[in-house]
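Okay, structure first, notes after.
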Amino acid sequence: MSFEKFDDAGSERGRPPGSDPMVSLRKSGSIGINRPALSAYFENDDGAIMYYDADDDQIGIEPVADNEADDAAYSVTKTDSGGTIAPKTFLERYDLVPDVTTQFDPRHDDEEGLVVVDLDDPMGTHGSAEDGGDEDGAE
């Protein structure tokens, strides 16, 4: 028997790194931002202000310089594989914490200056409601 080395693991815990921006709402009450989304929307910003549009069921994320830019700003924690925002109170207030980590394709609204996540149009899910982990590739 001959073993073949798998060397396409990429930087995202055994998954090839994606090239498309992705935002994940995690069941832990945080928001994961993959590396392409972090580069596209938060390259020079370390803070985020959260918005919710109940009529269109959308989250708006306003990138700001840091968490001191506004009283309502959250920190954007950055790592080699992406970033995390931890707006648990915001997500709980609007009953947006999912039962399972859910991934979305974000878009930038130039008029509003927001990164928009359409909650009615998920890309997929990761894990299960019973699973304790939050690994989703959008970190």
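Counting the sequence shown from 1 gives a position; the numbering used here is that position plus 108.
Beta carbons are placed, not taken as given, at the ideal position from N, Cα and C, and that holds for glycine.
The structure displayed is predicted, hence computed values, not measured ones.
Can you find at least 3 beta carbon pairs, one from the segment 199-217 and one from the segment 179-191, that sit closer than 8 Å?
no
Point to revise | Residue environment, A78, which counts as buried when at least 16 other CB atoms sit within 10 Å | key: Only positions 109 to 247 of the chain appear in the structure, and residue 78 is not among them; the question remains open.
- Message: At a threshold of 7 Å, does D178 count as lining the ligand FAD (C-beta to nearest heavy atom)?
- Response: For the ligand FAD, the structure offers nothing, since it holds no ligand at all.
(message) DSSP three-state label for E120, please.
(response) The sequence position of residue 120 within the sequence shown is 12, counting from 1. Any reading at E120 needs caution, since the residue's pLDDT is 48, under 50, leaving its predicted position unreliable; the model's value is listed next. E120 falls in the strand class under three-state DSSP.
Query - Sequence-distant residues of its chain with Cβ nearer than 8 Å to D178 (five each side left out) - result: Your numbering for residue 178 matches position 70 in the sequence shown. Excluding positions up to five away in sequence, the list reads G155, I157, V172.
| request: My understanding is that A145 touches P214, with C-beta atoms under 8 Å, so please give their C-beta distance in whole angstroms. | output: For the purposes of this step, residue 145 is identified with residue 37 of the sequence shown, where counting begins at 1. For the purposes of this step, residue 214 is identified with residue 106 of the sequence shown, where counting begins at 1. About 6 Å; that satisfies the 8 Å criterion.
Q. How many Å lie between T233 and F212 at the Cα?
A. Translated into the one-based positions of the sequence shown, residue 233 becomes position 125. Translated into the one-based positions of the sequence shown, residue 212 becomes position 104. Cα-Cα distance, rounded: 9 Å.
| request: Would you give the residue range spanned by the alpha helix (DSSP H) that L204 belongs to? | output: Locating residue 204 in the sequence shown gives position 96, counting from the first residue. Here L204 belongs to no alpha helix (DSSP H), and DSSP marks it neither H nor E.
task: Give the DSSP-derived three-state secondary structure of F198 in the structure shown.
output: As a first step, residue 198 must be located in the sequence shown, where it is residue number 90. Helix, per DSSP.
Q) Among S236, Y160, D153, A237, which has the Cα closest to the Cα of T185? A) The count along the sequence shown starts at 1 and reaches residue 185 at position 77. Checking every option, the nearest Cα to that of T185 belongs to D153.
- Task: Would you kindly check if the distance between the Cβ of E170 and the Cβ of Y159 is under 8 Å?
- Result: What you label residue 159 is simply residue 51 of the sequence shown in a count that begins at 1. What you label residue 170 is simply residue 62 of the sequence shown in a count that begins at 1. Result yes, Cβ atoms of Y159 and E170 sit closer than 8 Å.
Closest Cα partner of I141 within the set E219, S110, Q166, V225 | As a working note, residue 141 is residue 33 in the sequence shown. Selected option, being the one with the closest Cα: V225.
> If we call anything under 8 Å between Cβ atoms a contact, is R134 one with T209?
Replying inline: Indexing the sequence shown from 1 puts residue 134 at position 26. Indexing the sequence shown from 1 puts residue 209 at position 101. In contact: R134 and T209 (Cβ atoms closer than 8 Å).
Starting from the N-terminal side, write out each stretch of the beta strand (DSSP E) that is 3 residues or longer and does not extend beyond the segment 115-182.
-> 131-133, 139-142, 155-161, 166-172
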